[in-house]
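So the protein sequences, as listed, match chains A and B. Everything in the first sequence is counted per our numbering, starting at 1 for the first residue and increasing by one. Everything in the second sequence is counted per our numbering, starting at 320 for the first residue and increasing by one. Glycine residues also receive a C-beta, built at the ideal position from the N, C-alpha and C atoms. The structure displayed is predicted, hence computed values, not measured ones.
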Amino acid sequence: MKKSTFACVLGAATLVAGMGQAAELGAVDQPIKLAINEWTGQHVTTHIAGEMLKAAGYNVEYVTAGMMNQFQAIADGEIHATLEIWSSNVSDEYANKVSEGTIHELGDLELDAKEGIAYPAHVAELCPGLPAWEALKNCAPLFASAETLPAGRLVDYPADWGTPGADRMTGLALPFKAVPAGSEGALIAELRASTERNTPLLITFWQPHWAMSAYDVKFVDLPVGEEACFNDPAWGPNPDAVNDCDFAPSRIFKASWSGMAETWPAAFEILTNYTLAVEHQQPMMGAIDVDGGKVEEVVATWMAANEDAWRPVVDAAIK
Amino acid sequence: MKSLSKGSQAALITLVVGALCLLLESMLPWLTSYPKGWELAASDWVGLGVKSGLDFIKPAARMFSTLMGYPMAAANSVLATVPWPLLIAAAVALGWRLGGLKMAAMAAVGLGLVVMSGYWPQGMNTLALVAVSVPLAMMAGTLIGILANEYPRFREPIQALLDVMQTVPTFAYLTPLLVLFGFGPVVGLIASAIYAAPPMARNVLLGLQRVEPEVKEAAVMAGGTRLQQLFQVEIPAAKLQIMVGVNQCLMAALSMVIIAAVIGGFNDIGWEVLLTMRKAQFGAAMLAGSVIVIFAILIDRMSATLALDRRRLWDGRVALGILAVGLLASLALRSSLPDPGSYQMLDPVAVWLDSWLTDFTRANADLLTSVKNGIMFYVLLPLRIGLDQAILPFTWGFLWTPGMSLWFFAAAAGTALVLGLRGQLTLGLVVLIAAGILETGVSQLPWPFVLIGAAALSWVAGGHRLAILSTVLLATILVSGLWERALLSLYLSGAAVFACAVLGGGIGLLSAVSPMVWRVVRPICDMLQTIPLFVFLIPVLMVFQIGEFSAFLAIIAYAVVPMIRYTRQGLIDTPEEMIEAATAAGATRWQMMRDVRAPYAAPTILLGLNQTILYAFAMLVIAALIGTTGLGQSIYLALGQADVGLGISAGAAMAILALIADRIVQGFAEERKRALGL
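Right, dumping it as structure tokens:
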């Protein structure tokens, strides 16, 4: 029995592409535990998935878990799925667990993410010529601080997320020194202080993020990245360096405990086929972070209004 | 050579090594930067070793984890299902029984605020964690304490173990704990028990050692077995000291709960603080953090009465009455009682705090920037990279030339010569060494100089055993490849400790002189010590941006407290006879302070300095969240990448620096005590 279910699920997993195939529900009385990480967008993503699973007849539990530390728990089957992993910010631990076979990747969330060098809108007045990246060459002293003099200061990601901002500055030979932020809170505090004080700020940032609209953050236009940019120094505006272009697009994907397909075949199929668009996620983030709504209520309102966006995925798996 | 004092000899050796390094620097580049080829891949080995060790004990640990899950779930469901009016009534009743009207009122107001803030459910989750971790820590601590008391041979290794448990940053061992015990609140529980057990163990040992010999002899004569002597005579006799341990243990567990929240798995106050910190919402973070402060103050004040010599229990009937009122209220309101998480009456306060911060940064932007630049340019940068690199046209307005270096050294040599001729040779030599350090910068000191300097200082403070210990421990950092980061950490915490010593000493002095000042300072100290450290970071960041200066301030805010407390304590504790004698001799108030109180207080003040050093190192890890680059950052990198080896190596390096500093200061304190005949 178990074997045949598994085979059937394997079939389902290979056949995905949106049209799904009805699967058994599996252990409906056991709760499916979904990871709640540290940021609001992920809360929205996870709660929608959770509601979809509930609509299919499952029992769902939300468990708070640090983004970086959740993978051990997923490998052990103490958490069953996490639904918003950013390729730009994922630990080696994840790759290890996937190759070990204890974590199973569930495919893309299809949330269209963008990372880049950014600035709050008022900075364009201080450094005319933005968003063209060439403008930064002459504006650099404006961004200087006590630690970086005479170079300008770029607030980069925390060190454990990598140094993409510093790589861009070196690649484009811009006179900026990258300072790692240490944490997301530190990045937001910088954006907030800069907006409130009307001071210059150059920062490595990403969307979807609630702060994009709250502080009116704009991206600097960098040469569009191609594969060659990252390996071939000759490519791009700087003939002597790689990385003289925009960020490589980041991928956002989902992953589950390896035993999920066997325990809850239909839930596995629902989560595999689940996708969410930025246009849907970003307004919900705003409703929560800016207007102070509760995640559960905001998600419930959206689910009621956008039934056609999620119902087919559930139906395909259970009917 | 024999005619020189110990201090002068040590200073002379250090000076010679430093001068040699400076002279040979250009010829032998390996003096300044330790060659990569000489490093051992220690963190990889540690990682491999620990990993295989972990796999070995993993099944047992997982079983323990499952076992601990039961009391955890029980505590949690009790606290979550009992209606809040009843819980508050219980706390108020307990407050009444232990401390009368005042404490009852404190409990009522404090917990009332928690309900109003809407953080009641999260607060109860936090308390559930503390309720399980504290008994665990107390049991472990008591066992360790008794063991050290019974077998004097083990005393020294046990002391070292306790030091390690308190100085290795929790973040450094979170990853191995996760692998061992699996995901969830049990990891936080164990982490907080590890941190909370040492104060318990130390106080148990101290209490048992202080039991009067006559009492012990009486027990021996009564013919009890050793166990009977211990449990029926000695432990009851040491009860008060052990209760101090219980109090300290509770406070330590509470402060660690927040750190444990980084893992998640438990919707507690720490998680709430992390979420608000992520959004840089100062007001909300402050509000969530205050819940911890309220718990800490209530637990501290109530458990402190247990350690009182003659404690009074207030009328139990009143306590029962309060409890009955709580029960009736919960029964009457049962159906109409809304979810305690839904109250958000204090939100306007949070909003107000946030807008106050905004207005403050906006109004004082220029002033604050110039303060920051001033301290960066004239203090921190020269200390880190040395005068020769820190002085540039756009910082000091001119360029530092080699000629100026010569003049600088000549001036230092002149000062040293004058001091030497006046009989203060040691001080003169120290001036020269300081000049050398300032010229080079702490982060670029040649490693032979640091090793030998530390060894010489340890030798003066604690003899050749300490000197060998310091050298060996520092050498392990050197070969593990974490040297540069360790120097950066040393520089930042060193600068902060120095600032704390000056600032905290001053405030402590003022508080000792004027009770008015102390009345203002004391609650601030309480708050600074119990509020989750993360909360400080937001305002500091908003005002001073990411970087060393913000980290410097955050470290000072936390580490200055023990300096203030101990300075004040030492200064007001001078025995009456000495004061009377000085008054009779006609000493003025100032003379009394300088010549009587200050020397007598020196050992206590040194103990405060010691605590300040340990606190500064503890805060370094948190400060890495606002972009410092020392060992703290390595620990975060390791936590993010689940790199067990790097985490443990960096944590160990941090503990080594803290331990050496601790031993050296304690050595000097012992010497002062002996000189005073204490």
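Check, Outcome
"Grab me the residues of A:S91's own chain with a C-beta within less than 6 Å of its C-beta, minus the 5 sequence neighbours each way, in chain order.", "M68"
"Suppose you measure from the CA of B:V880 to the CA of B:G824; what does that come to, to the nearest Å?", "10 Å"
"Looking at chain B, which residues of the region 277 to 293 of chain A have a Cβ within less than 7 Å of any of its Cβ atoms?", "D289"
"What are the start and end residues of the alpha helix (DSSP H) that includes A:G165?", "164 to 171"
"What residue range does the beta strand (DSSP E) around A:D156 cover?", "152 to 156"
"So which residues on chain A does B:N586 lean against when the C-beta distance must stay under 8 Å?", "T64"
"Run through DSSP, which three-state label would A:Y215 get?", "coil"
"Give a yes or no on whether the minimum CB-CB distance between B:Q952 and chain A is below 8 Å.", "yes"
"Closer than 7 Å, Cβ to any Cβ of chain B: which residues of the region 156 to 188 of chain A, in chain order?", "A159, D160, V179, P180, A181, G182, S183, E184, G185, A186, I188"
"By Cβ distance below 7 Å, which residues in the same chain neighbour B:A599 in space, the five residues on each side in sequence not counted?", "I857"
"Does DSSP put B:K535 in a helix, in a strand, or in coil?", "helix"
"Mapping the DSSP letters down to three states, classify A:S256 as helix, strand or coil.", "strand"
"Going along the chain, which residues of the region 62 to 86 of chain A sit with their C-beta nearer than 8 Å to a C-beta in chain B?", "V63, T64, A65, G66, M68, N69, Q70, F71, Q72, A73, D76, E78, I79"
"Taking the alpha carbon of B:L751 as the point to measure from, which residue in B:V336, B:S324, B:I891 has its own alpha carbon closest?", "B:V336"
"Listed in chain order, which residues of the region 28 to 49 of chain A have Cβ atoms closer than 9 Å to some Cβ of chain B?", "A35, I36, N37, E38, W39, T40"
"Consult DSSP for A:W206 and reduce its assignment to one of helix, strand or coil.", "strand"
"I'd like to know whether the C-beta atoms of B:V798 and B:W415 end up nearer to each other than 8 Å.", "no"
"Do B:G507 and B:V401 have their beta-carbon atoms positioned less than 8 Å apart in this structure?", "no"
"Which chain A residues are close to B:G959, counting only those with a beta carbon under 7 Å from its beta carbon?", "M68, S91, D160"
"Counting only beta-carbon separations shorter than 8 Å, does A:L149 have a partner in chain B?", "yes"
"Quick check on the DSSP output: the alpha helix (DSSP H) that includes A:Y62 runs from which residue to which?", "Taken as a continuous stretch (DSSP letters only), A:Y62 belongs to no alpha helix (DSSP H), being part of the beta strand (DSSP E) at 60 to 64."
"By alpha-carbon positions, which one of B:F375, B:Y438, B:L448 ends up nearest to B:Y389?", "B:L448"
"If you reduce the DSSP assignment to three classes, tell me which class A:A132 lands in.", "strand"
"Using C-beta distances below 8 Å, list every residue in its chain close to B:L872, excluding the 5 sequence neighbours before and after it, in chain order.", "V859, F863"
"Select from B:F855, B:V698, B:L420 the residue whose C-alpha is nearest the C-alpha of B:S609.", "B:F855"
"Counting only the same chain and skipping the five closest in sequence on each side, list residues whose C-beta sits under 8 Å from that of A:N238.", "G171, L172, A173, D244"
"A:A267 and A:I48 - do their beta-carbons sit closer together than 8 Å?", "no"
"Please list, in chain order, all residues of the same chain as B:P998 whose beta carbon is under 7 Å from its beta carbon, the five residues on each side excluded.", "Only positions 320 to 997 of chain B appear in this structure, which leaves residue 998 of chain B out of reach."
"Is the beta carbon of B:L944 less than 8 Å from the beta carbon of B:L956?", "no"
"Find the residues of chain B that neighbour A:S145, judging by a C-beta separation of less than 8 Å, and give them in chain order.", "Q864, G866"
"For B:V596, return the contacting residues in chain A, with the cut-off set at a CB-CB distance below 7 Å.", "For the sequence presented, residue 596 of chain B should be read as Met rather than Val. Those within 7 Å of B:M596 in chain A are G185."
"What residue range is occupied by the uninterrupted alpha helix (DSSP H) comprising A:W86?", "No alpha helix (DSSP H) holds A:W86; the beta strand (DSSP E) holding it covers 81 to 86."
"Any chance you could list the alpha helix (DSSP H) runs of at least 4 consecutive residues sitting entirely within the region 585 to 637 of chain B, in chain order?", "588 to 597, 601 to 625"
"Quick one: does A:A193 have its CB under 8 Å from some CB of chain B?", "yes"
"Classify B:I967 as helix, strand or coil using the three-state DSSP reduction.", "helix"
"On a CA-only basis, which of B:P767, B:F817, B:A831 is nearest B:V791? Give me that one, please.", "B:P767"
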